[in-house]
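Report on the structure given below.
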Amino acid sequence: MKLPSNVNIVEVGPRDGLQAEARFIPTSKKIELVDALSRTGLRKIEVTSFVHPKAIPQLRDAREVLSGIQKRPGITYSVLIPNIRGAEMAIEFGVDEIRIPVCASETVNQRNVRMSIDESLESAGKIHGLAQEAEIPLEVAVALAFGCPFEGEILPEKVISMIGRLHDTGITRVSITDPAGIANPAQVRELTELLLETFPDTAFSLHLHDTRGLGLSCVLAALEAGLTAFDTSIGGLGGCPFVPEATGNIVTEDLVNMLEEMGISTGIDLQELIRCSELAQDIVGRSLGSRILKAGTREQLFQSVAAGT
Ligand code: COA
Ligand code: ZN
800 MKLPSNVNIV EVGPRDGLQA EARFIPTSKK IELVDALSRT GLRKIEVTSF
850 VHPKAIPQLR DAREVLSGIQ KRPGITYSVL IPNIRGAEMA IEFGVDEIRI
900 PVCASETVNQ RNVRMSIDES LESAGKIHGL AQEAEIPLEV AVALAFGCPF
950 EGEILPEKVI SMIGRLHDTG ITRVSITDPA GIANPAQVRE LTELLLETFP
1000 DTAFSLHLHD TRGLGLSCVL AALEAGLTAF DTSIGGLGGC PFVPEATGNI
1050 VTEDLVNMLE EMGISTGIDL QELIRCSELA QDIVGRSLGS RILKAGTREQ
1100 LFQSVAAGT
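The opening position of the sequence shown corresponds to residue 800 in my numbering, with each subsequent residue numbered one higher.
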């Protein structure tokens, strides 16, 4: 089994996670969480979204959060935007990077951004032009690439054709997302191999939710296929607006623990992450899905055995 020596992890909890909270998290708490995450060695954090406050009221304080955080050199603070209006606002604000979601499901794309897939792809091309002028990097998230709660199977051909259209407009950074937690490792391996082979000049990342407990095994399958960039959320914060019982993303600290134990470097300090996970639990007022927070690391286990506790 050939595995990479380094992996890039993007923390999306402040955006993907907090947008799913039932109650509005105070701006100061969001800032505290992002600042704590900035101290862990993470190199990219998706902070918030420039979206309509009626669509995602939990992130209506995007500007305040971005203005309040202590930006550290070497860290990219990215935002999600659904359309040209959002892109204009993000560019005017001067964000570090933008990410545009385009769903591979017509039904969900309509519900999410009130555009057809065609319209969203066209809009992504236009936003790419605006972002290039402003010298702001852009990534497109092709969402529901492994299946849709409303439409069922999403065929790889459809995902390839969408990425092909993005590629034609010059977009070569793509995140493949599974907000409903539908993917299994065999499917991830197959699609990842296909994508890396078809678009050798595109930088791909994978955005998994752990709804069915398959998140980390899907990461392993993607690593074996040659993919080295993953989105995660601290404590596994989050859900999915279209799947009532969905859990959040794969857990940042659990993935870092797994990779570092396997000798794959993430550049992230696990103990600092565990402190962030405790903070995230305090902020949302409940226990989250982190395994490493509950069970401790392997080293801690060995120490407690040695101490006879
Ligand atoms: N941010 C803030 N306001 C926005 C906006 C954005 N990104 N895009 C549009 N608007 C405003 C317009 O300015 C307009 O305001 P007005 O009524 O005061 O004039 C109003 O929304 C309607 O504009 P329109 O272009 O017709 O948008 P819409 O009604 O088709 O709504 C979205 C589309 C994109 C605004 C809405 O679906 C959205 O924000 N979705 C969020 C998607 C999301 O983040 N999902 C979760 C993560 S994938
Ligand atoms: Zn997500």
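Note that the Cβ used here is the ideal one computed from N, Cα and C, for glycine as well. All values derive from a computational prediction rather than experimental measurement.
{"Check": "CA-CA distance, I883 and K925?", "Outcome": "8 Å"}
{"Check": "Look up G816 in the DSSP assignment and say whether it is helix, strand or coil.", "Outcome": "helix"}
{"Check": "Between I824 and the rest of its own chain, which residues show a CB-CB distance below 8 Å, the 5 nearest in sequence each way excluded?", "Outcome": "L817, Q857, I1082 and V1083"}
{"Check": "Which residues does DSSP list as the beta-bridge partners of T875?", "Outcome": "K843"}
{"Check": "Going by DSSP in three states, E1109 sits in which element: helix, strand or coil?", "Outcome": "Nothing about residue 1109 can be reported from this structure: the residues present for the chain run from 800 to 1108 only."}
{"Check": "Helix, strand or coil: how does DSSP classify H851 here?", "Outcome": "coil"}
{"Check": "Should the segment 1079 to 1098 be called in touch with the segment 1025 to 1038, which here means at least 3 C-beta pairs below 8 Å?", "Outcome": "yes"}
{"Check": "Which residue or residues does DSSP assign as beta-bridge partners of H1008?", "Outcome": "N1048"}
{"Check": "Could you tell me whether the segment 990 to 1003 touches the segment 955 to 973, where touching means 3 or more Cβ pairs closer than 8 Å?", "Outcome": "yes"}
{"Check": "Going by C-alpha to C-alpha distance, which of V878, G840 and T971 sits closest to Q1070?", "Outcome": "G840"}
{"Check": "I believe K829 touches V806 by the beta-carbon criterion, under 8 Å. Please report the beta-carbon distance rounded to the nearest angstrom.", "Outcome": "Contact doesn't hold; Cβ gap of about 26 Å is too wide."}
{"Check": "Is it true that the CB of S915 sits closer than 8 Å to the CB of D895?", "Outcome": "no"}
{"Check": "How far does the beta strand (DSSP E) with L937 in it reach, from first residue to last?", "Outcome": "L937 to A942"}
{"Check": "By Cβ distance below 8 Å, which residues in the same chain neighbour A930 in space, the five residues on each side in sequence not counted?", "Outcome": "A886, I890, I897, P936 and L937"}
{"Check": "Report whether the distance from the Cβ of T971 to the nearest heavy atom of the ligand ZN is below 7 Å.", "Outcome": "no"}
{"Check": "With distances taken between CB atoms, is the gap from E1052 to L1092 smaller than 8 Å?", "Outcome": "yes"}
{"Check": "How close, in whole Å, do the beta carbons of T906 and F949 come, if the pair is a contact with beta carbons under 8 Å?", "Outcome": "4 Å"}
{"Check": "Quick check on the DSSP output: the beta strand (DSSP E) that includes T1031 runs from which residue to which?", "Outcome": "A1028 to T1031"}
{"Check": "Indicate the three-state DSSP secondary structure (helix, strand or coil) for S804 in the structure shown.", "Outcome": "coil"}
{"Check": "From N1048 to N911, what does the alpha carbon distance come to, in whole angstroms?", "Outcome": "19 Å"}
{"Check": "Are there any heavy atoms of the ligand ZN lying less than 7 Å away from the beta-carbon of P978, as far as the coordinates show?", "Outcome": "yes"}
{"Check": "Compute the distance between the beta-carbons of I981 and G946, then report whether it is under 8 Å.", "Outcome": "yes"}
{"Check": "Could you tell me if F1029 is buried or exposed, where buried requires 16 or more neighbouring beta carbons within 10 angstroms of its beta carbon?", "Outcome": "buried"}
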